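**Q** Got a structure here, written out as structure tokens. Questions coming.
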Amino acid sequence: MNPIYAIGDIHGQKEMLDHALALIVADGGENAQIVFVGDYTDRGPDSRAVIDTLIAGRNAGRDWVFLKGNHDRFFTRFIRHGTQHDPRVKSGINWLNPRLGGATTLASYGVEAEVHFTTDRKTGLEIIKDCKGPDGPMDAAGLHKKAQRAVPATHVDFLENLPLWYETEDLLFVHAGLRPGLPITAQDPEDLLWIRQPFLDSTHDFGKLVVHGHTALDYPQHFGNRVDLDGGAGYHRPLFPAVFEGRDCWILTGHGRVRLTP
Numbered sequence: 001m002n003p004i005y006a007i008g009d010i011h012g013q014k015e016m017l018d019h020a021l022a023l024i025v026a027d028g029g030e031n032a033q034i035v036f037v038g039d040y041t042d043r044g045p046d047s048r049a050v051i052d053t054l055i056a057g058r059n060a061g062r063d064w065v066f067l068k069g070n071h072d073r074f075f076t077r078f079i080r081h082g083t084q085h086d087p088r089v090k091s092g093i094n095w096l097n098p099r100l101g102g103a104t105t106l107a108s109y110g111v112e113a114e115v116h117f118t119t120d121r122k123t124g125l126e127i128i129k130d131c132k133g134p135d136g137p138m139d140a141a142g143l144h145k146k147a148q149r150a151v152p153a154t155h156v157d158f159l160e161n162l163p164l165w166y167e168t169e170d171l172l173f174v175h176a177g178l179r180p181g182l183p184i185t186a187q188d189p190e191d192l193l194w195i196r197q198p199f200l201d202s203t204h205d206f207g208k209l210v211v212h213g214h215t216a217l218d219y220p221q222h223f224g225n226r227v228d229l230d231g232g233a234g235y236h237r238p239l240f241p242a243v244f245e246g247r248d249c250w251i252l253t254g255h256g257r258v259r260l261t262p
């Protein structure tokens with residue numbers, strides 16, 4: 001049985017990604033299969049370098065599987081269309097708000113902007129009031145145009161075309177989770193990217209062990225029917241790579257494997 005490695009939400013943490021990849025190579029070699037569960041961008045300091053690393057691995061023929069995360073879609077929608085909100089963010093905050101981290105992502109591409117927000121009285125959405133870059137003030141449309149010029153089309157194409165799930169005989173990988181009781185082919189793509197409840201509290205047997213990210217913890221945790229690998233790298237906690245042999249799971253550390261059990 002060949003092991004399968006997995007990496008949770010990276011959120012622009014290039015140094016953490018390099019460390020996680022080194023741990024995987026030390027455990028399984030250069031040709032190890034790795035599944036990345038999404039959220040490569042936002043909050044951390046170097047989303048651009050993270051995506052460069054993933055694309056370079058793909059182009060080198062690595063056995064790497066990439067899933068799309070909700071933050072990755074946030075990013076591409078802003079670049080394509082200037083979209084600053086997603087209906088699943090009930091607070092209405094803007095993608096460029098530090099809580100979501102879009103401005104940090106743009107900064108990694110050289111688009112520096114100090115953004116100030118206000119609330120639209122009709123929609124309740126947080127909108128850009130004004131922003132200022134190194135060359136002076138600009139409006140939201142100006143920031144969008146600047147971002148479009150700075151972000152390589154190869155990065156947008158890469159993220160837009162990623163699948164929402166990947167499965168093996170024993171494992172089902174997805175970014176956020178699943179709606180209990182529905183087969184994977186009947187799942188709403190919005191749930192695969194965004195769901196928390198009722199997934200997180202469910203004891204449903206999904207048939208396979210679900211491996212996901214999206215909901216940040218202090219450390220990866222095994223819940224019996226699912227494993228949450230988001231250890232909070234987006235909040236400057238460590239990025240923890242994992243290895244699976246069948247449904248058995250270990251976290252990789254500098255001192256070797258640490259078994260993760262329910």
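The sequence shown begins at 1 in the UniProt record's numbering and counts up by one. Yeah, the Cβ is synthetic: ideal placement off N, Cα and C, and Gly gets one too. As the structure is a computational prediction, the values presented were derived from the model and not from experiment.
Within the region 110-186, note down every full alpha helix (DSSP H) run reaching 4 residues or more, in order along the chain.
**A** Whole alpha helix (DSSP H) segments, 4+ residues: 140-150 and 153-160.
**Q** For His11, count the other beta carbons within 10 Å of its own beta carbon; 16 or more makes it buried, fewer makes it exposed. Which is it?
**A** Against the sequence shown, residue 11 aligns to sequence position 11. Buried.
**Q** Taking 8 Å as the threshold (C-beta atoms), are Pro180 and Pro198 in contact?
**A** To locate residue 198, count along the sequence shown from 1; it is residue 198. To locate residue 180, count along the sequence shown from 1; it is residue 180. Yes, they are a contact pair.
**Q** If you draw a straight line from the alpha carbon of Gly38 to that of Gly57, how long is it in whole angstroms?
**A** Here residue 38 refers to the residue found at position 38 of the sequence shown. Here residue 57 refers to the residue found at position 57 of the sequence shown. Whole-angstrom Cα-Cα distance: 15 Å.
**Q** Going by C-alpha to C-alpha distance, which of Thr261, Ala233 and Gly256 sits closest to Gln13?
**A** Counted from its first residue, the sequence shown places residue 13 at position 13. Taking only the C-alpha atoms, the option nearest Gln13 is Ala233.
**Q** In or out: His214 buried (at least 16 other Cβ within 10 Å) or exposed?
**A** On the sequence shown, residue 214 is found 214 positions in, with the first residue counted as 1. Its Cβ being crowded by 16 or more others within 10 Å, His214 is buried.
**Q** By a C-beta neighbour count over all protein chains shown, 10 Å radius and 16 as the cutoff for buried, is Gly101 buried or exposed?
**A** Numbered from its first residue, the sequence shown carries residue 101 at position 101. So Gly101 counts as buried.
**Q** Just tell me which of Thr185, His255 and Val243 has its CA closest to the CA of Thr261.
**A** Residue numbering aside, residue 261 sits at position 261 when the sequence shown is read from its first letter. The shortest C-alpha separation from Thr261 is found at Val243.
**Q** Who does Ile7 pair with in a DSSP beta bridge?
**A** By one-based count along the sequence shown, residue 7 stands at place 7. Answer is Phe36, bridged to Ile7.
**Q** So His71 is in the beta strand (DSSP E); what residue range does that whole segment cover?
**A** One-based indexing of the sequence shown puts residue 71 at position 71. Segment Asn70 to His81 is the alpha helix (DSSP H) holding His71; no beta strand (DSSP E) there.
**Q** Short of 8 Å in beta carbon distance, which residues of its chain neighbour Phe206, apart from the five on each side in sequence? Order them along the chain.
**A** Locating residue 206 in the sequence shown gives position 206, counting from the first residue. The answer, listed in chain order, is Leu172, Leu178, Pro180, Asn225 and Arg226.
**Q** Kindly identify the DSSP beta-bridge partner or partners of Leu252.
**A** Residue mapping note: residue 252 aligns to position 252 of the sequence shown, counting from 1. BP columns for Leu252 point to Arg257.
**Q** From Met16, Asn2, Leu193 and Asp27, pick the residue whose C-alpha is nearest to that of Arg257; which is it?
**A** In the sequence shown, the residue the question calls residue 257 occupies position 257. It is Asp27 whose Cα lies nearest to the Cα of Arg257.
**Q** Between Met1 and the rest of its own chain, which residues show a CB-CB distance below 8 Å, the 5 nearest in sequence each way excluded?
**A** Working through the sequence shown from its first residue, we reach residue 1 at position 1. Taken in chain order, the residues that qualify are Glu245 and Gly246.
**Q** Could you spell out the range, first to last residue, of the beta strand (DSSP E) harbouring Trp194?
**A** For this step, residue 194 is matched to residue 194 along the sequence shown. Here Trp194 belongs to no beta strand (DSSP E); instead the alpha helix (DSSP H) covers Pro189 to Trp194.
**Q** In its own chain, which residues sit with a C-beta less than 7 Å from the C-beta of His189, not counting the 5 before and 5 after it?
**A** The residue you call residue 189 lines up with position 189 of the sequence shown. Per the sequence shown, the amino acid found at residue 189 is Pro instead of His. Contacts found: Leu164.
**Q** I need the straight-line Cα distance from Ala216 to Ala6, nearest angstrom please.
**A** The residue labelled residue 216 in the question sits at position 216 within the sequence shown. The residue labelled residue 6 in the question sits at position 6 within the sequence shown. Distance between the alpha carbons of Ala216 and Ala6: 16 Å.
**Q** Which value, in whole angstroms, describes the spacing of the CA atoms of Leu239 and Leu209?
**A** Position 239 of the sequence shown, counted from the start, is the residue given in the question as residue 239. Position 209 of the sequence shown, counted from the start, is the residue given in the question as residue 209. Approximately 21 Å between the Cα atoms of the pair.
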